[in-house]
Every structure is written in structure tokens, then in C-alpha cells.
Amino acid sequence: MTEAIPAVVLGGTGYVAGELLRLLDAHPRFSLAAVMSDSQPGESVAAAFPHLASAYADLTFSSQAQVRSILCEAPRPALFSAAPHGVSAGLIDALLGAAEQAGTHPRVVDLSADFRYASAAAYTGVYQHPHAAPARLAQFTCALPEHLAELKTTHVAHPGCFASAILLASVPLLASGLIAPSVFVSGVTGSTGAGRKPVPGTHHPLRHGDLYSYSALRHRHVPEVAACAEAASGVAAKFAFVPHSGPFARGIHVTLQAQLSRPTDTHTVLRVMQGFYASAPFVRVGPSAPRVKDVVASNYAHLSAVVMDGTVAVLCAIDNLSKGAAGGAVQWMNRIFGLPETTGLTATAPGWT
Ligand SMILES: NC(=O)c1ccc[n+]([C@@H]2O[C@H](COP(=O)([O-])OP(=O)(O)OC[C@H]3O[C@@H](n4cnc5c(N)ncnc54)[C@H](OP(=O)(O)O)[C@@H]3O)[C@@H](O)[C@H]2O)c1
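For any residue, its number in this note's numbering is found by taking its place in the sequence shown, counting from 1, and adding 328.
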């Protein structure tokens, strides 16, 4: 029998952690060894996530000390961090430091923004506080698995939810030189994108039945998108991004528009995108406009494109918690551990959520 790989999750009571637990329950190789909660150590996991009660009936949240001893015992555990930015780097640094002293070798996928930047100065410029573990930045690569053939660092920083959709839509056309490097993006996210803590932007009476933009042209993830797009395509592009809050819990839809750099039709653009993602098992490119319901709660991304009068519109729908976070992280961890990229991730979307 093939041995289970112990997996540890940080940021335990959060939405992304909950989605990681759901995916790990169905995973044939990763086996949840602990889920850490800073606020609720010792409390019931099933109480925080009633939809996971049948999978984790008796499990309780672990403390940092308990997680540390697991990471110091297992020779090569998988560590997923779903802690917030500004917290994740310090936590990961402390846990990796302890593991290094114990001679174990955890591999990390961080869902926060903390390791998405090449330099601490660039991080501080956006997040306005010092980086907690600048010496570890070089140990992380920020990329989508679809856009990097060979991982050269030990750990991965997941690019994030809006970023995943924008990168999936933009990188093939930037890399092929089909569009000018000036990209206009409008995106709509579900309320789980804002995390578990209730705020006006996620409160049901304020959000239900409404649609509104926020941080127009000033969203803090834009520099991360531009850096990842350049690394993946070789083109330094400008992204003008207007995010919106949508009246649904899960899912992201982005619409990207750009000027074509040479005369091209819809069919050709779709062919270029299909060719680019020919070996990407979770990306589907077709002529129909993608719909959020077709991908919600799955790791699949649906893309399409339309050309008219020298302009291309690329459309992309993903699930923010899965492909845009937990699913993308498991996809990376599969690759890190030499498993088929699709392991544990091929469940289809329920369709009617
Ligand atoms: N939501 C999305 O769609 C999405 C998509 C991509 C990436 N992300 C990123 O993934 C991470 C988790 O997002 P989320 O939506 O799950 O957020 P969330 O629902 O707010 O959960 C974050 C969790 O982190 C822990 N935490 C909060 N403050 C902490 C502190 N000071 N020290 C230690 N732990 C603390 C809390 O869990 P405990 O108290 O139980 O430890 C909290 O429930 C974030 O970095 C986010 O930017 C989110």
C-alpha cells in the first residue's frame, strides 16, 4: 500500500481552510494530520464546519505547539497555509525553523499574499507593514501550475482568486503576442472571497440582490497579477482592474478586454488558447460564454473569447475557494509530491448551487 502523506492546514476556522479540509477528505494520498486554529484550539472542527461533520466528527483544532511537533516528526509533510497575509509569513517561518532544527522537510503552499513578492520592499510598498520573513522569499515561487513547467523553489505562493482568473485569461494572449500589453479587466466575486469574518461587504442584506464595484483601478492584488503575468508570458503588461462584489457566495467571473496587435478572428484566438492549455487538465476553452454555476465547488476553469473590430474580450469563470485557492493549492501540492496533478481534484461542479 502507498503511504499517506501527512498534511497540516493553518488558518483553521477560515473559509479556505474549510475548503482544504473538504478536498483533503477526498484525497487518496494526503491525510489530514492537523488543522491549526489560533482562536479555537481544542474546539470541534465539525462545529466550525457543520458540512464537514461526517468527515471530521471527532477532530479538534490543534494549537501551534501541536502542529509544530507534527511537522518536526513527519519526515516530509505537506503544509498548507490559509492564514491571513501579515500572519502567514511569521507562522510559516516559525514552523519551518522548528522543522529545520528537527531535520524534517515540510513543503509549503501558502494561500496568502505574503510570499507572492520577489522582495520585502515590494511587499511592504503594497501592504504597508514589514515582511515577517524576508529571508524566505527566495524559497517561494508565485505562479499557477498551468503556467510553470518546472518548479525550481521548495515552496509555492498561490497567486490568489481574482489573480487566478485574470492570469488564466491573459497569459496565453500575452505570450503569443496577440494582444497589446495593456489589459482592461472587470471581475465579479462571491462573498466568500472576503473571508469568514462578517463585514459590511459580506453581510447578506447589504450584498444580496446587489452588484457594486470596489477599489476600482486600485486593487492591491494588481501588482501581483502583473508580476505573475510577466513571469509566465515574458511580457510586462499593464492591468487596469475593476473588481465587483456579486450577490452569490462562491465563484468569480472576469472579463478581460485588450486591443489585438494584428488582425485575428474569434476562431483563431480560441485555437491559440486551446493550444496553450492543451495539457492543462482543469482548463476548458470553448465558444460558449462561461457561467459561474458550471464551475462552482470544482477545480475547473472555463474560458472563452470573442473578437470584434480589433478588440478581444476573454471571459473566465472559476470557483474562488477551489481553483482560486484550496483546489489550486492541492494541485500544486500534488505536483510537489510527484503525484498526478489531478489527484483528488476531478469532481465535477454540482451545477445547481
Ligand atoms: N476567500 C478566498 O476566496 C481566498 C482566495 C484565495 C486566497 N485567499 C487567501 O487565503 C487566506 C485565507 O482566506 P479566508 O477567506 O479563508 O480568510 P478567513 O475566512 O478570514 O480565515 C482566515 C483564518 O485565519 C486565522 N487567523 C486570523 N487572524 C489570525 C491571526 N492574527 N493569527 C493567526 N491566525 C489568524 C483565523 O483562523 P483561526 O483563528 O482558526 O486560526 C481565520 O479564520 C487569506 O490569506 C486570503 O487572502 C482567500
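Quick reminder that beta carbons are idealized off the backbone N, C-alpha and C, glycines included.
Run of the beta strand (DSSP E) containing G515, from where it starts to where it stops: Run containing G515: 510-517, per the beta strand (DSSP E) assignment.
Interface flag, P334 vs chain C, CB-CB below 9 angstroms: Absent here is chain C; the protein component of the structure consists of one chain.
Close-in-space but distant-in-sequence residues of the same chain around A362 (CB under 7 angstroms, 5 per side omitted): V336, S390, Q394, V395, I398
contact_flag[the region 378-388, the region 339-355] where n(CB pairs < 8 angstroms) is 3 or more: yes
Residues near A617 by beta carbon distance below 7 angstroms, same chain, minus five either side: Excluding positions up to five away in sequence, the list reads S632, L643.
DSSP three-state assignment for Y540, whether helix, strand or coil: Strand.
Cβ neighbours of A493 in the same chain (closer than 6 angstroms, five flanking residues each side left out): I580, V582, C644, I646
L423 vs P434 beta-carbon contact at 9 angstroms: yes
Contact between the region 467-475 and the region 547-559 (3+ Cβ pairs under 8 angstroms): Proximity of the region 467-475 to the region 547-559 meets the contact definition, three or more beta-carbon pairs being nearer than 8 angstroms.
Status (buried if at least 16 other CB within 10 Å, exposed otherwise) for Y445: buried
Whole-number beta carbon distance between A544 and V570, since they are thought to touch under 8 angstroms: 5 angstroms
H459 versus T670 - alpha carbon distance: 33 angstroms
Limits of the alpha helix (DSSP H) - the one that H549 falls within: Annotation: H549 is outside any alpha helix (DSSP H) and is labelled neither H nor E by DSSP.
Terminal residues of the alpha helix (DSSP H) in which T596 lies: 594-604
Buried versus exposed call for H630 [16 or more other C-beta atoms within 10 Å across all chains shown]: buried
Distance CB(E401)-CB(T432) smaller than 9 angstroms: yes
Inter-residue spacing [alpha-carbon to alpha-carbon] between A385 and A374: 6 angstroms
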